[in-house]
Amino acid sequence: MTEGADGDGCTWESLPLLAAQEELLVERVIAPEIARARGVFSAHDPAQLEALGFAPSQRLIPSLVIPVHDLDGNRVGVYARPRDPRNGDRGKPIKYEWPARHHLRLDVPRGIRAQVRDASIPLWVTEGPLKADAAVSRGLCCVALPGVWGFLGNEDIVADWKRIPLSSGKVPRRVYIAFDSDVMQKIEVHRALARLRQMLLNAGADVFIVHLAYLLPEDKHAEIGT
């Protein structure tokens, strides 16, 4: 059982979420106590997003606000997932917004900090905090990268990784990497997967790749926390 997720009767109705955003989390099979531990909430006023550092063009309401936490349980970043996203430079909707001052960090769901520190417990690695919460809701010890390339070129993330034990003495930690099914469809994601695997092997881990079944776009919600 995870820390702060003790089955104390937490319900979706007790969380500060609009119905549509509650449904979004339910579809991803995230347990309400895991969502509460993360501190998600629905922003229904642009001032709420302004207070978190979002630029005027990013203050889209309603938005699901998703805090990011480090290994100590401190909030080190925040994402916003607007109901009606704006389009980016290439005309593609921007599913997630983050403030300009946002530092990319490795996300550690607050209820599993002790497990993450224990090299005897298998570690799962995915992309995005909602996917991590979905995995934790299933009893897995899972951390999240801020994007499939989020483990490279960032001193904060390098420091975050160094705090996570990937071996105990000569015994490697079992690490499972699970990205979206498009790992088999996009060469850049496949390359990111290979680079991450090698980095973890070099750090002493025993690394396994989990290939999720490819789903058509209308079925993507069936993947863990997409």
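Letter by letter, the sequence shown follows residues 8 to 233 of the numbering used here.
C-beta atoms are modelled at their ideal positions from N, C-alpha and C, and glycine is treated no differently.
Query                                                                           : Result
Cβ neighbour criterion (16 or more within 10 Å) applied to K138                 : buried
Bridge-paired residues (DSSP) for P179                                          : S174
DSSP state of A54 mapped onto helix, strand, coil                               : helix
7 Å Cβ shell around R108 - same chain, five flanking residues per side excluded : G60
V47 versus V123: straight-line alpha-carbon distance, rounded                   : 21 Å
Rounded distance between the beta-carbons of R43 and H76, thought under 8 Å     : At roughly 13 Å, the Cβ-Cβ gap does not stay under 8 Å, so H76 and R43 are not in contact.
8 Å Cβ shell around D13 - same chain, five flanking residues per side excluded  : Because D13 sits at a pLDDT of 49, beneath the cut-off of 50, its placement in the model cannot be relied upon, and the following sentence gives the value as read from the coordinates. Taken in chain order, the residues that qualify are E40.
For R198, three-class secondary structure by DSSP                               : helix
Proximity of S175 and A142 at Cβ, strictly below 8 Å                            : no
Cβ-Cβ distance between Y103 and R88 below 8 Å                                   : yes
Reference P74; option with closest CA among G16, D91, G135 and Q65              : G135
CB contact flag (C148, P129, <8 Å)                                              : yes
Extent of the continuous alpha helix (DSSP H) to which W105 belongs             : Run containing W105: none; DSSP gives neither H nor E here.
Residue range of the unbroken alpha helix (DSSP H) whose run includes R120      : R120 to V123
Straight-line Cα distance separating E162 from Y86                              : 20 Å
Rounded straight-line distance, which links the Cα of T18 to that of G146       : 18 Å
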